[in-house]
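A.B. asks: Have a look at this one.
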Amino acid sequence: MNAHAQSKRKSSSGDSGYSTGIGLRGGGYSSGLTIKHFLSGKNGVAIEALVTTEYKARGARLTLLGEKHKAISDVKGLQFFYGAGFHAGAYQGRYYFEDARYYQGHKDDDYIRRYDYRYDDATYIAFGADLILGLEYKLADLPFVVGVDYKPFFEVYNGYTGFYNDAAVSLRYTF
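So the number in the working numbering is just where the residue sits in the sequence shown, counting from 1, plus 1447.
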């Protein structure tokens, strides 16, 4: 008599239901390609790489993030995650917002306000630090994960600094 034992393939992703996901990230500030890979073990730690372009800019940014995933016990396949990382990129041309206020005079003590969007055609090297906070859901019986995230980041370019808020929706094919 022969006995056969089947072993289930252990996922290296903890409770996420997948090891690696590749897909698209569509955000309010930047959009592009997302790749997420869970490190071995059951600790829920993943590395995510984003290759994105900024809204109305010619160029690209590479972002690397370390993330910690925690299962939400009430909903199978739903996870909360948070993390941090850094980015670097280059852009030719940049839109930025200029808010200038001018004093009108003594008569009415009013201010004239001018709000302008400016554009220049220089090439900028940009780098900075990122945070991320989000939810993702592994679709049952399908090799896809859907996620939403909030990713604020601090950036330095051409001697200027800025703090930006970005939110996005991601869809990844998982394997």
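We treat Cβ as the ideally placed atom computed from N, Cα and C, and that holds for glycine.
Give me the Cα-Cα distance between Ala1587 and Asn1605, rounded to the nearest whole angstrom.
C.D. replies: The sequence position of residue 1587 within the sequence shown is 140, counting from 1. The sequence position of residue 1605 within the sequence shown is 158, counting from 1. The straight-line gap from Cα to Cα measures roughly 46 Å.
A.B. asks: Assuming Gly1575 contacts Phe1533 (C-beta within less than 8 Å), just tell me the rounded distance between them.
C.D. replies: Residue mapping note: residue 1575 aligns to position 128 of the sequence shown, counting from 1. Residue mapping note: residue 1533 aligns to position 86 of the sequence shown, counting from 1. Correct: roughly 7 Å between the Cβ atoms.
A.B. asks: Does Ala1450 pass the burial test, meaning 16 or more other C-beta atoms within 10 Å, or should it be called exposed?
C.D. replies: Locating residue 1450 in the sequence shown gives position 3, where the first residue counts as 1. Confidence is the limiting factor: at Ala1450 the pLDDT is only 48, short of 50, which leaves the residue's position unreliable, though a coordinate-based value still follows. Per the 10 Å Cβ criterion, exposed.
A.B. asks: Go through its chain and collect everything with a Cβ distance to Ile1469's Cβ below 7 Å, but skip five positions before and after it.
C.D. replies: Position 22 of the sequence shown holds residue 1469. Within the same chain, Ile1469 has close Cβ partners Ile1482, Arg1619 and Tyr1620.
A.B. asks: Could you have a look at Lys1523 and say whether DSSP puts it in helix, strand or coil?
C.D. replies: In the sequence shown, counting from the first residue as 1, residue 1523 sits at position 76. Correct three-state label for Lys1523: coil.
A.B. asks: Buried or exposed, going by whether 16 or more other CB atoms sit within 10 Å of the CB of Asp1613?
C.D. replies: Along the sequence shown, read from residue 1 onward, the residue named residue 1613 stands at position 166. Burial call: buried.
A.B. asks: State the Cα-Cα distance for the pair Glu1514 and Ala1569, rounded to the nearest angstrom.
C.D. replies: Sequence index remark: in the sequence shown, residue 1514 carries index 67 (1-based). Sequence index remark: in the sequence shown, residue 1569 carries index 122 (1-based). So the alpha carbons of these two residues sit roughly 34 Å apart.
A.B. asks: From Leu1512 to Ala1531, what does the alpha carbon distance come to, in whole angstroms?
C.D. replies: Position 65 of the sequence shown, counted from the start, is the residue given in the question as residue 1512. Position 84 of the sequence shown, counted from the start, is the residue given in the question as residue 1531. Roughly 5 Å separates the two Cα atoms.
A.B. asks: Roughly how many angstroms lie between the CA atoms of Val1498 and Ala1507, to the nearest whole one?
C.D. replies: The residue given as residue 1498 occupies position 51 in the sequence shown. The residue given as residue 1507 occupies position 60 in the sequence shown. Roughly 7 Å between the two C-alpha positions.
A.B. asks: Looking only at its chain, what residues have a beta carbon closer than 7 Å to the beta carbon of Ser1477, apart from the 5 residues adjacent to it on each side?
C.D. replies: Within the sequence shown, the letter at position 30 stands for residue 1477. Cβ neighbours of Ser1477 beyond the five flanking positions: Thr1499, Thr1500, Glu1501, Tyr1502, Arg1508 and Asp1613.
A.B. asks: So, are the CB atoms of Val1616 and Tyr1465 less than 8 Å apart?
C.D. replies: The count along the sequence shown starts at 1 and reaches residue 1616 at position 169. The count along the sequence shown starts at 1 and reaches residue 1465 at position 18. Contact flag unset, no.
A.B. asks: Take Asp1577 and list the residues in its own chain whose beta-carbon comes closer than 7 Å to its own, dropping the five residues that flank it on each side.
C.D. replies: Mapped onto the sequence shown, residue 1577 falls at position 130. Thr1510, Leu1512, Ala1531, Gly1532, Phe1533, His1534, Lys1598 and Phe1600.
A.B. asks: What are the boundary residues of the beta strand (DSSP E) that includes Gly1473?
C.D. replies: For the purposes of this step, residue 1473 is taken as residue 26 along the sequence shown, with counting starting at 1. Counting along the chain, the beta strand (DSSP E) containing Gly1473 begins and ends at Thr1467 to Gly1474.
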